[in-house]
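Protein chains in written order, with our numbering: chain A, -19 to 235; chain B, 45 to 288.
Now the structure itself:
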């Protein structure tokens, strides 16, 4: 084993191999965090849509979920990056591939452009949204129907019932499975390497290829992934404790 | 004009008929108890009154407004019809005070201070002023139901609907809830109460409606009902629940 390899100068970026790992970690977090925002917002909207009494909203919500969760993530990555620019009007496709990369020079020694980053974020976000939607739906549906009735009976509109009654409890109930989704988005972000985003997994592979220190490169990546996910778990546990409802049994107070 | 009037209300779940031409009314200040065996449609009927259960035929008029009319502003109508549920349905993530003020602030547009003052006065009235900062999960069932009644009253209702308010309670908690309801009835509140508590009916009801298999079988004064129910089904029902 030769851990000192990380202190050697890397062939590009003007940094050591450790610098490559840092860059990879930064982009893993950037892709995952941005995708999570999309997943959370779009997933909540779609999940709520599936629980409304409006038939058309339920249909659209169901269609979204089944479309995005039934196609492999890797295929979706290719669809967004390779296929989508070819099926939209030519001028738009050209803009994505030729002009978008120059809108913003990506920091942290990124060896890819804003277009790859955006495609990865949108793809991962919309895919994860389909899974978040199902969690949100199950959280809302796990509440007694009487909660909605009670809200409506006091004169709240359906939107107000969601805002003040069902969503606050529904989101609390799904914190554990949402933690899993949040962890999964970090792990799934590694698929972005297939469209050129040099995130943590890609950088590890690159280090392995340049140095032949395969064991060290991927052990480092493994440990960094675990550190990231453990941090997420701790943060989500803190959140769960913070929003715990006093006296609410299903929430539990023993952990 | 009655406060609540039902005219030949019918409802189907698919091809299964759950309500068959139900007609009755509740006058201002009147207390009407609705009873009957389980599955007889009592809860469905009372939930139809404030539009929580849609119905296909007939008409329900509350305070001059047709509930089934698609043009009716249901939230506005419901704001002044209090409803108390079998399972209390307090909002578990809100403190008791917040439960009491949510509707007042969001629906009636009262200021937070006004709403708190009103809510706490009613909480005091149901004997739970000291619980204002607790959460529903920290109260007993009887206490939760009294808070639920206070919550409904905080909206200054013109009528109150009770859907089996004591059915989910342990026996020793039933009376603390009934006491609040009796007091309310004696103050002249218009009430429609689905319940098996015949003691409550005897004490404060003006009329008793007896339902079976989705139909209103009897609709008569309290004395007539307990004195000599005309239908065999009502007699059988009473003999079952009054033998203890």
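All residues carry an ideal CB built from backbone N, CA and C; glycine is no exception. Just so you know, these numbers come straight off a predicted model, no measurement behind them.
- The Cβ neighbour count for residue 82(A), taken over all protein chains shown within 10 Å, is under 16; the residue is labelled exposed.
- Among the residues of chain B, those whose CB is under 7 Å from the CB of residue 132(A) are 96, 122, following chain order.
- The region 121 to 128 of chain A makes contact with the region 137 to 155 of chain A: 3 or more CB pairs, one atom from each, lie closer than 8 Å.
- Pairwise C-beta distances place the region 51 to 59 of chain B out of contact with the region 211 to 222 of chain B, as fewer than three of them are shorter than 8 Å.
- Residue 102(A) and residue 107(B) have their C-alpha atoms roughly 53 Å apart.
- Taken in chain order, the complete beta strand (DSSP E) segments of 3 or more residues contained in the region 122 to 208 of chain A number zero; there are none.
- For the region 125 to 142 of chain B, residues whose beta-carbon sits nearer than 7 Å to a beta-carbon of chain A comprise 127, 129, 131, 133, 135, 136, 137.
- At a C-beta separation below 8 Å, residue 199(B) has these neighbours in chain A: 134, 135.
- Excluding sequence positions up to five before and after residue 10(A), its CB lies less than 7 Å from no other CB in the same chain.
- In the three-state reduction of the DSSP assignment, residue 100(B) falls in the coil class, being assigned neither a helical nor a strand state.
- Counting along the chain, residue 259(B) sits inside the beta strand (DSSP E) bounded by residues 259 to 265.
- Using a Cβ-Cβ cut-off of 9 Å, residue 52(B) does not count as an interface residue toward chain A, since no Cβ of chain A sits closer than that to its own.
- Of all residues in the region 141 to 161 of chain B, the ones placed with a Cβ closer than 7 Å to any Cβ belonging to chain A are 146, 147, 150, 151, in chain order.
- Within its own chain, the residues whose Cβ lies closer than 6 Å to the Cβ of residue 78(B), once the five positions on either side in sequence are excluded, are 86, 238, 253, listed in chain order.
- Residue 67(B) is classed as exposed because its beta carbon has fewer than 16 other beta carbons within 10 Å across all chains shown.
- Here DSSP, grouped into helix, strand and coil, assigns residue 125(B) to strand.
- Ranked by Cα distance from residue 128(B), the first of 268(B), 192(B), 80(B) is 192(B).
- Taking all protein chains shown into account, residue 234(B) has 16 or more neighbouring C-beta atoms within 10 Å of its C-beta and is therefore buried.
- Judged by DSSP secondary structure, residue 200(B) falls outside any alpha helix (DSSP H); it is assigned neither H nor E.
- Residue environment for residue 45(B): exposed (fewer than 16 other C-beta atoms within 10 angstroms of its C-beta).
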